[in-house]
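Chains as they are written, first to last, in the numbering used here: chain A, 642 to 824; chain B, 642 to 824. Written below as structure tokens is the structure these notes are about.
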DNA sequence: GTCTATAGAACGATAGAC
DNA sequence: GTCTATCGTTCTATAGAC
């Protein structure tokens, strides 16, 4: 593996677990095994490495999202809401949202790519249901429930808080009759 | 105003806007106008000042929550979901949830106090409705929707994302018939 | 109780040999 | 392209005069 790839891989892990601001170039260098100077040979600075790492992470997570369900209806919504999550660790990519560095497009834009991907798929799934509520807004609600569930779980130190939130939303949505394809 | 109070006040503002890790003792000292040494005369360290500041902030925000509605039913839920928010700034206290310092009880516990307060009030409000879903879980859903709405708004750089999520949840809940007291 | 001055470590980034 | 060495700054915290 080339030094550049080693840096990106190490950055993905560190950004996922510590966020952006808490991850120093030194951390990435030490964790990847490359020397101090190689970092700045391949990247202009910390934010440029983060851009590359977050693009790759967003792709990876978008793929993981796509493998949550076969179909496009209530299956996808239920799959997304009910997939097991490590609630106390927080979302690997959403955790960065509250940092000041979101003002930097090299940080925000790759993250936004992942959320746009989910939003598009979920909007499609909700438009197959008959709720009388805008499918885009329901997609935002589903995503917000998961992201906020992480917040609540970490604040209360109780992973159940995330499951409470997602399963309550799942119940609310299913009470609308789930257009036939619920098995 | 005593130096201690000036430090706590400055810390509340800085923690609200930058989070914990991004707020340095120097920032607080400069912003409060006191000298370098006074900080460590009144507090054992950064985490101890944060504890005092977060306790006060949580109290303040709990009071603000209580003034959202007169009653205890759908009024409170609707009031909480629909109150105008500065979506792109993030929640003044929830923004800290994803930082590593949540492992320190001096940071987590005062924040948890605010969330417990909301959870208790919202659980009471939801138990007046007839949804067939656990009121505690619905309370967690409402809180998660707001917190996750902040995340989504910041990621997409669009404040509308938070309003989408809260108003979609409001619509879902009201479609259950809102036990009579909706005007 | 308040202040100025400064400690020792980590920060993001650069220099320059090989 | 990779490395070691180091820059100037900021971090959290302490020393010690007044």
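Glycine included, C-beta positions come from ideal geometry on N, C-alpha and C. As the structure is a prediction and not an experimental result, all values here were calculated from the model.
Secondary structure note for residue 792 (chain B): its alpha helix (DSSP H) is the uninterrupted segment 776-797. Listed along the chain, the chain A residues whose CB falls inside 7 Å of the CB of residue 815 (chain B) amount to none; the nearest CB is some 10 Å away.
Taking a Cβ-Cβ cut-off of 8 Å, the neighbours of residue 756 (chain B) in chain A comprise 793, 796 and 797, given in sequence order. Across the set B:733, B:774, B:682 and B:735, the C-alpha of B:774 shows the shortest separation from the C-alpha of residue 812 (chain A). Short of 8 Å from the beta carbon of residue 795 (chain B), and not among the five residues preceding or following it, lie these beta carbons of its own chain, in chain order: 728, 729 and 731.
Here the C-alpha atom of residue 659 (chain B) lies approximately 33 Å from the C-alpha atom of residue 766 (chain B). Neighbours of residue 739 (chain A) in chain B, taken as residues whose beta carbon is under 9 Å from its own, are 660, 731, 732, 735, 736, 737, 738, 739, 740, 791, 792 and 795 in chain order.
For the 8 Å CB-CB criterion, residue 737 (chain B) and residue 789 (chain A) do not form a contact. Residue nearest to residue 743 (chain A) within the set B:801, B:814, B:807 and B:791 is B:791 (criterion: CA-CA distance).
Under the three-state reduction of DSSP output, residue 667 (chain A) falls in the helix class. Contact between the segment 742-759 of chain A and the segment 683-694 of chain A is present, with at least three C-beta pairs closer than 8 Å.
In terms of Cβ geometry, residue 748 (chain A) and residue 695 (chain A) form a close pair [threshold 8 Å]. Contact of residue 649 (chain A) with chain B by beta-carbon distance below 7 Å is absent, the smallest such distance being about 21 Å.
In the three-state scheme derived from DSSP, where H, G and I count as helix and E and B as strand, residue 688 (chain A) is classed as helix. Using a CB distance below 9 Å, the part of the segment 776-789 of chain A facing chain B consists of 777, 778, 779, 780, 781, 782, 783, 784, 785, 786, 787, 788 and 789, ordered along the chain. Three or more Cβ pairs closer than 8 Å define a contact, and the segment 672-685 of chain A meets that threshold against the segment 649-656 of chain A. Put simply, the CB of residue 667 (chain B) is far from chain A, with every gap to its CB atoms at 8 Å or more. For residue 759 (chain A), the uninterrupted alpha helix (DSSP H) run begins and ends at 746-767, by DSSP.
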